[in-house]
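What follows is one structure encoded as structure tokens, with my remarks underneath.
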Amino acid sequence: MTRFLLRLAFVVALPLFLLGLWWLASDDSTNPFWPPLRTILTTFPDVWTSERLRADVLPSVLRLSAGYAVAAVAGVAVGTVIGSYRRVRALCEPVLEFLRAIPAPVLIPVIMLFAGIGDTMKITVIASGCVWPILLNTVEGVRAVDPVMAETARSYGITGAARLRNVVLRSASPQIFAGLRQALSIAIILMVISEMFAASNGLGFTIVQFQRGFAVPDMWTGILVLGLLGFALSVVFQLVERRVLGWYHGLRASARRSP
Amino acid sequence: MGALLDVSGLNKVYEGSGRRVEAVRDLTFTVESGELVCLVGPSGCGKTTLLKCVGGLLAPTAGQVTLSGRPVSGPPPGMAFVFQEYGRSLFPWMRVGDNVELPLKQKGLSKSRRGELVDDALRSVGLADAAGAYPWQLSGGMQQRVAIARALAYEPEILLMDEPFAAVDAQTRADLEDLVRGLWRERGITILFVTHDIDEAVYLGERVLVLSGSPTVVRERLRIDLPAERDQLHTRVAPRFAELRTHVYEQIQAAKRGTPAPEPSDRIVDVEDRPVDKS
Numbered sequence: 022m023t024r025f026l027l028r029l030a031f032v033v034a035l036p037l038f039l040l041g042l043w044w045l046a047s048d049d050s051t052n053p054f055w056p057p058l059r060t061i062l063t064t065f066p067d068v069w070t071s072e073r074l075r076a077d078v079l080p081s082v083l084r085l086s087a088g089y090a091v092a093a094v095a096g097v098a099v100g101t102v103i104g105s106y107r108r109v110r111a112l113c114e115p116v117l118e119f120l121r122a123i124p125a126p127v128l129i130p131v132i133m134l135f136a137g138i139g140d141t142m143k144i145t146v147i148a149s150g151c152v153w154p155i156l157l158n159t160v161e162g163v164r165a166v167d168p169v170m171a172e173t174a175r176s177y178g179i180t181g182a183a184r185l186r187n188v189v190l191r192s193a194s195p196q197i198f199a200g201l202r203q204a205l206s207i208a209i210i211l212m213v214i215s216e217m218f219a220a221s222n223g224l225g226f227t228i229v230q231f232q233r234g235f236a237v238p239d240m241w242t243g244i245l246v247l248g249l250l251g252f253a254l255s256v257v258f259q260l261v262e263r264r265v266l267g268w269y270h271g272l273r274a275s276a277r278r279s280p
Numbered sequence: 151m152g153a154l155l156d157v158s159g160l161n162k163v164y165e166g167s168g169r170r171v172e173a174v175r176d177l178t179f180t181v182e183s184g185e186l187v188c189l190v191g192p193s194g195c196g197k198t199t200l201l202k203c204v205g206g207l208l209a210p211t212a213g214q215v216t217l218s219g220r221p222v223s224g225p226p227p228g229m230a231f232v233f234q235e236y237g238r239s240l241f242p243w244m245r246v247g248d249n250v251e252l253p254l255k256q257k258g259l260s261k262s263r264r265g266e267l268v269d270d271a272l273r274s275v276g277l278a279d280a281a282g283a284y285p286w287q288l289s290g291g292m293q294q295r296v297a298i299a300r301a302l303a304y305e306p307e308i309l310l311m312d313e314p315f316a317a318v319d320a321q322t323r324a325d326l327e328d329l330v331r332g333l334w335r336e337r338g339i340t341i342l343f344v345t346h347d348i349d350e351a352v353y354l355g356e357r358v359l360v361l362s363g364s365p366t367v368v369r370e371r372l373r374i375d376l377p378a379e380r381d382q383l384h385t386r387v388a389p390r391f392a393e394l395r396t397h398v399y400e401q402i403q404a405a406k407r408g409t410p411a412p413e414p415s416d417r418i419v420d421v422e423d424r425p426v427d428k429s
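Chains as they are written, first to last, in the working numbering: chain A, 22 to 280; chain B, 151 to 429.
Have a look at this one:
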């Protein structure tokens, strides 16, 4: 119990300290763009009502999930193909380097021409931005399958789909998850950016609306909500990762114990 | 009648970036059903290459391998491999039981049959209660036992072992040697065991094939006429054991120097009984 409390103290100590700092630094501020934290926090419940959560936060989260899911499936699938065949890799590598160098936000006007200004556009923008780290990490992970494991699989007749499922993807999963983690933060950024262009709801849209209406404390609460959303997503991600990669963390820990 | 495993004229040349390396020159030998044959040779003599060719993991440049009369062109279902690198051969994302079971699923066996085979194999290597552990939670020796259990459960016609105990400590190695000997006697399985350890080859094998340095040929075929009942304590100090290991050691040393083999290499040699030096 005391250990749990101690851990909890470690987790919340720094955030509380920073909030305190913010509180003190902004307490007697009269600058309209830098309102006291007290004002922001009292505005918070008025702005983020359940109605607003449903109308703005939920659509954002749904777009984010859809774009992220499309990127994950496409990135892992294409990455596995590229990683498995040397020839395909040689063919694709220069193109991949070019494509991933293009910042996704710059594609928004182009994608708007094809996909309109609806959800399809936003999902496409999110997916096209976060597919790269997933794809490139999958390529590396699939390439790096241990030759002894590959031979073991071959000698026991583990081929085709069974090999893909039980050997290749499992062996590449630590790298795939590294890509997924990077992609998650990119997805949040692109969600906000895509909603700042032609949109009628969503977190990015709302924050920009507050800003344009000089509702500065409301805008600040929106930024807080974004931070909280990112934090919540990363907690969920860690839970999933700990479950899927439990073996990997165990393996690493046992390798550290006996070098 | 034909032998279970027939290797004839096996040759393997690696070619690449302007270099041509002949790893295995001309290898011919047979393994009868139920035999335990050890291949021993100096370090770096192409033992692993040769075993991979036999197991269908590498395509030989020339020559042929047949298992029960069928030519081997890829890994055949009748062979099971135990690799030296146990830590990289077991899948760390699967529990021990799943590691043993995976090849059986691939064979299309029913769930109940798979369960029987997995339990039986793990029990026979002394790891009946480790099925739920991950490989990396076990010691090196135990991991290699799991690899052996996986091979046993696969019910192969022949078990190929590639220096399986080279990476474990001496005591564990002795235990594993006795385990293999015991499994061979209990189950009547056929084993082709590759090692660079002369004592291990003589202790384990019914027959020992001494290989030359690279490019590899069979230098000598030796029948090990030690009693079937062997144990680490007595067999290793028996005068006959000393004679045989000395003989193999001389052959390996000669192989390293590159002197040609004294006997024609297609005849089975029985080392002459010499009076034991009592001084």
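Yeah, the Cβ is synthetic: ideal placement off N, Cα and C, and Gly gets one too.
**Report entry** Among B/Tyr-399, B/Arg-264 and B/Glu-313, the one whose alpha carbon lies nearest that of B/Ala-303
**Finding:** Within the second sequence, numbered from 1, the residue matching residue 303 of chain B stands at position 153. Closest option to B/Ala-303, Cα to Cα, is B/Arg-264.
Query raised in the report: Run through DSSP, which three-state label would B/Cys-195 get?
Result: Start at 1 with the first residue of the second sequence, and residue 195 of chain B comes out as number 45. In the structure shown, B/Cys-195 sits in coil (DSSP, three-state: anything other than H, G, I, E or B).
**Report entry** Helix, strand or coil at B/Val-426 [DSSP, three-state]
**Finding:** For the purposes of this step, residue 426 of chain B is taken as residue 276 along the second sequence, with counting starting at 1. Any reading at B/Val-426 must be qualified, since the residue scores a pLDDT of 46, below 50, and its modelled position is unreliable; the value itself is stated next. It is coil, neither helix nor strand.
Query raised in the report: Going along the chain, which residues of its own chain have a beta-carbon closer than 6 Å to the beta-carbon of A/Cys-113, five neighbours each way excluded?
Result: To locate residue 113 of chain A, count along the first sequence from 1; it is residue 92. Cβ neighbours of A/Cys-113 beyond the five flanking positions: Ile-103.
Report task. Give me whichever residues DSSP pairs with B/Lys-162 in a beta bridge. Result -> Within the second sequence, residue 162 of chain B is the residue found at index 12, counting from 1. Bridge partners of B/Lys-162: B/Val-174.
Query - Neighbour list for B/Pro-225 in chain A, Cβ cutoff strictly below 8 Å - result: The residue you call residue 225 of chain B lines up with position 75 of the second sequence. In chain order: Arg-175, Ser-176, Tyr-177 and Gly-178.
Requested in this report: List the endpoints of the continuous beta strand (DSSP E) containing B/Ile-308.
Outcome: The count along the second sequence starts at 1 and reaches residue 308 of chain B at position 158. Run containing B/Ile-308: 308 to 312, per the beta strand (DSSP E) assignment.
**Report entry** Continuous alpha helix (DSSP H) assignments of at least 4 residues falling wholly in the segment 141 to 215 of chain A
**Finding:** 168 to 176 and 181 to 184
Requested in this report: Could you tell me whether the Cβ of A/Trp-55 comes closer than 8 Å to any Cβ of chain B?
Outcome: Taking the first sequence and counting its residues from 1, one reaches residue 55 of chain A at position 34. Chain B contact via Cβ: absent.
Query - Buried versus exposed, by CB contacts within 10 Å (16 or more), A/Gly-267 - result: In the first sequence, residue 267 of chain A corresponds to position 246, counting from 1. Its Cβ having fewer than 16 others within 10 Å, A/Gly-267 is exposed.
Query raised in the report: Using the rule of at least 16 other Cβ atoms within 10 Å of the residue's Cβ for burial, across every protein chain shown, is A/Gln-259 buried or exposed?
Result: Within the first sequence, the letter at position 238 stands for residue 259 of chain A. Classification of A/Gln-259: exposed, given that the 10 Å Cβ count is below 16.
**Report entry** Under 7 Å by beta carbon: chain B residues contacting A/Ala-183
**Finding:** For the purposes of this step, residue 183 of chain A is taken as residue 162 along the first sequence, with counting starting at 1. The contacting residues are Gln-256.
**Report entry** A/Ser-275: contacting residues in chain B (beta-carbon distance under 9 Å)
**Finding:** What you label residue 275 of chain A is simply residue 254 of the first sequence in a count that begins at 1. Residues of chain B passing the Cβ test: Tyr-284, Trp-286 and Gln-287.
Query raised in the report: Buried or exposed: which applies to A/Thr-173, given that a residue is buried once 16 or more other Cβ atoms fall within 10 Å of its Cβ?
Result: In the first sequence, counting from the first residue as 1, residue 173 of chain A sits at position 152. With 16 or more Cβ atoms within 10 Å of its Cβ, A/Thr-173 is classed as buried.
Report task. Would you mind reading off the limits of the alpha helix (DSSP H) that contains A/Met-133? Result -> As a working mapping, residue 133 of chain A is identified with position 112 in the first sequence. Its alpha helix (DSSP H) spans residues 129 to 136.
Query raised in the report: What residues of chain B sit near A/Asn-187, judged by a beta carbon separation below 8 Å?
Result: Working through the first sequence from its first residue, we reach residue 187 of chain A at position 166. Simply Phe-241, Met-244 and Leu-252.
Requested in this report: Would you grab the beta carbon distance between A/Gln-203 and A/Pro-154 for me? Rounded to a whole angstrom, and I think it's under 8 Å.
Outcome: Start at 1 with the first residue of the first sequence, and residue 203 of chain A comes out as number 182. Start at 1 with the first residue of the first sequence, and residue 154 of chain A comes out as number 133. So it is a contact: roughly 4 Å between Cβ atoms.
**Report entry** Contacts that B/Tyr-304 makes with chain E (C-beta to C-beta distance below 8 Å)
**Finding:** Going by chain labels, chain E is absent from the structure shown, which instead holds the protein chains A and B.
Query raised in the report: CB-CB under 7 Å to B/Gln-401, same chain, minus the five flanking residues each way: which ones, in chain order?
Result: Taking the second sequence and counting its residues from 1, the one referred to as residue 401 of chain B is at position 251. Taken in chain order, the residues that qualify are Val-360, Arg-369 and Glu-370.
**Report entry** Strand pairing of B/Thr-409, partner residues [DSSP]
**Finding:** Start at 1 with the first residue of the second sequence, and residue 409 of chain B comes out as number 259. Answer is none; B/Thr-409 lacks a bridge partner.
Report task. Tell me, please, whether the segment 156 to 166 of chain A touches the segment 238 to 257 of chain B by the rule of three or more beta-carbon pairs shorter than 8 Å. Result -> no
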